[in-house]
Each structure stands twice: as structure tokens, then as C-alpha cells.
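Count the sequence shown with full-length UniProt numbering and you get residues 1 to 304, in order.
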Amino acid sequence: MTPLVLQAEEGGERLDVFLARSLPDLTRSAVQRLMEEGAVTRTGEPVKKRDKTQPGAVYTVALPDPEPVDIRPQNIPLDVVYEDDDVIVINKPVGMVVHPAAGHPDGTLVNGLLYHCGESLSGINGELRPGIVHRIDRDTSGLIIAAKNDFAHLGLAQQLQDHSLYRAYEAVCVGGFREDEGTVDAPIGRHPVDRKKMAIDPQGRRAVTHWKVLRRFSGYTHIGCRLETGRTHQIRVHMASIGHPLLGDTVYGAKKPVPGLAGQCLHARKLSFVHPRTGERLTVECPLPEWFQAVLERLERLER
Numbered sequence: 001m002t003p004l005v006l007q008a009e010e011g012g013e014r015l016d017v018f019l020a021r022s023l024p025d026l027t028r029s030a031v032q033r034l035m036e037e038g039a040v041t042r043t044g045e046p047v048k049k050r051d052k053t054q055p056g057a058v059y060t061v062a063l064p065d066p067e068p069v070d071i072r073p074q075n076i077p078l079d080v081v082y083e084d085d086d087v088i089v090i091n092k093p094v095g096m097v098v099h100p101a102a103g104h105p106d107g108t109l110v111n112g113l114l115y116h117c118g119e120s121l122s123g124i125n126g127e128l129r130p131g132i133v134h135r136i137d138r139d140t141s142g143l144i145i146a147a148k149n150d151f152a153h154l155g156l157a158q159q160l161q162d163h164s165l166y167r168a169y170e171a172v173c174v175g176g177f178r179e180d181e182g183t184v185d186a187p188i189g190r191h192p193v194d195r196k197k198m199a200i201d202p203q204g205r206r207a208v209t210h211w212k213v214l215r216r217f218s219g220y221t222h223i224g225c226r227l228e229t230g231r232t233h234q235i236r237v238h239m240a241s242i243g244h245p246l247l248g249d250t251v252y253g254a255k256k257p258v259p260g261l262a263g264q265c266l267h268a269r270k271l272s273f274v275h276p277r278t279g280e281r282l283t284v285e286c287p288l289p290e291w292f293q294a295v296l297e298r299l300e301r302l303e304r
């Protein structure tokens, strides 16, 4: 068993929700199973699924020893931006799914990482596989970090929780912004009708996106975004909520695809984190991909 210690900053949140959010690679149902087995304790006493967090309370989770997972390693070319014995940062292309799922059993980032990392894997969720600390959508390109061992995974997950893992994106939005910069602070939850979508929800989780205009075009705006939180589809939902959906986003914007775009015009440009072993802050960047540059050039030509 691998003991994991987490401290709650705020009170009143369901404990299974808090733990699942603190450990992105551990599902809520997996957390609940651990609770039922008595593997989650507070001051030595087992907790219940419906318990609420208490401010400053320390919870211990006894994680099972990892077992091999039934995911096939595949020799998929990966654009490795940074790598050491603890972490690996990949520049993910558009169209690549992060985790195997229904409809995408292989060809994913995890398949490629299993091949690339060999035996250097995180097993934080009870399965031996690279620890994906955060995710980006299939049709979003850019930087994503994975942990190669449990020590690194726990450290990066904590940074994700306390918002010290810095993520910056670039996007092209529909319409023009009146201001040069701003912040969208609006909670996000599952859409009440379409469960595959997210939506602004007063009962959802707090979500904060800081944006800044980089270039204005006729009818479109090139912006930079910095995530303070990391909710599913956060930038896409937030920009759509203020009347500026991302160009090419057929889920939260216009339903008609944009020629030359596989999906939304969104790229994870910059990633900054404190190395879990050395304590040094590392910052990695990757340039805009060719397809994104082509969009900007096309908009530039329309200005002439």
C-alpha cells in the first residue's frame, strides 16, 4: 500500500469529490471504493462517502499497489519538449486523444507514453501507467505533463490543486473584444441536458480564466489565456459564455466546421511548474503549430 496524505483547505465539500479532484488520475468511483474498503482515514478513523471536508483536516489514503493495466504500448512518435527521471512534457498534436476510451481504444497519448517510458511509470490510481496529471481535449494541441513515478505525480497533483501549476494558452475567438484584457470568474458544471457538455452552473466548481488580447482582426480576436483553475472545457465554455466562442468550436459555438480546422482554435502554449524533486521552477514553451499559424495568416490576408 502507498499512503497518501492530503489536507483540505476549505470545509463543506463532499469528501469523495475533494479526493477525486485532488487526484486527477483517480476517478470518483475509485475513491468511493477505497472509502468502502476503509482505505481513507482522518486521524486514524475511517471516513464515509458522504462525509464533508473540514478546514485544515488531514486525510490519509492507502492506495493499492499498482497492477499492470490492459493498455497496449504503441510506438507512437511523441514530440518530447522536456524529460527527466520524474516527469515528461509532451507537445500533443491535434486529433490525439489522451486516454483510451470508448471509440478510441488505442493510438492515444497514454499508449505512446507506455511504449516511450517503459518501466518508468506512475501507479497513483492503482494501475501501472504514466500519471496524466491534467488533460487537454482531443482537438486542442500543446503541452501536457505526465509523471513517471508516484512521488512526482503527488507533487504535481498538489500544484494543480493549489493553482501553482501555470498553464497558458492561445486561441482565436469569434468577434471583437471591447477591453484589452479581463477575467471570467464563473463556476462550471455538467450541462443539465447534454451530459457530454459543460456549462456555466451556479452550483458548479469555481472556474477562473484570465484573458488578454494579442491581435485584433475583422470579426475575430487572437487572445492569450491563463488558467487559474482547470475545469473540463474551461476556456471553451468561458469564452462562449461572454459571447466569444472559439473559432471552429462546433460544441460551444457555430455548428458548421471551419475549413482547415479539425476543431477549436486552441493551443496550450506554455507550462510552468515546480519540479517535485528539485524544487526548481521549470518553464517550457512550444510554438504555435502550422495549422494555427495558417489561421492567423488567413485572417491577416482578410485585413488587406
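Even for Gly, the Cβ is constructed at its ideal location relative to N, Cα and C.
Closest to residue i by C-alpha separation, out of the options, would be which residue?
| i | options | result |
| --- | --- | --- |
| S218 | I188, E300 and F292 | E300 |
| L6 | V274, D162 and G243 | D162 |
| P276 | T232, G260 and L160 | L160 |
Leaving out the 5 sequence neighbours to the left and right, which residues in its chain are closer than 6 Å to residue i when beta-carbon positions are compared?
| i | result |
| --- | --- |
| E170 | G224, H267 and R269 |
| F177 | V213 and T221 |
| L34 | V40 |
Check whether the Cβ atoms of residue i and residue j lie closer than 8 Å to each other.
| i | j | result |
| --- | --- | --- |
| L302 | H222 | no |
| A62 | A39 | yes |
| R205 | G189 | yes |
| V81 | C265 | no |
| V174 | G253 | yes |
| A147 | V87 | yes |
| Y115 | I145 | no |
| V208 | T229 | yes |
| G107 | Q54 | no |
| D139 | A262 | yes |
| Y166 | S241 | no |
| H104 | V133 | no |
| K92 | G142 | yes |
How is residue i classed by DSSP in three states: helix, strand or coil?
| i | result |
| --- | --- |
| Q54 | coil |
| L303 | Looking at the sequence shown, residue 303 is not Leu but Glu. Three-state DSSP puts E303 in a helix. |
| residue 337 | Only positions 1 to 304 of the chain appear in the structure, and residue 337 is not among them; the question remains open. |
| V295 | helix |
| F273 | strand |
| A168 | strand |
| D16 | helix |
Who are the Cβ neighbours of residue i in its own chain at under 7 Å, not counting the five residues just before and after it?
| i | result |
| --- | --- |
| A20 | L26, T27, R28 and V31 |
| V237 | I188, M198, A199, I200 and Y252 |
| V258 | L247 and G248 |
Leaving out five residues on either side along the sequence, give the residues of the same chain with a beta carbon under 8 Å from the beta carbon of residue i.
| i | result |
| --- | --- |
| G243 | G175 |
### Task
Please list the segments of the alpha helix (DSSP H) lying wholly inside the region 207-259, counting only runs of 4 or more residues, in order along the chain.
234-241
### Task
Counting only runs of 3+ residues fully inside the region 91-154, write out the beta strand (DSSP E) ranges in chain order.
141-147
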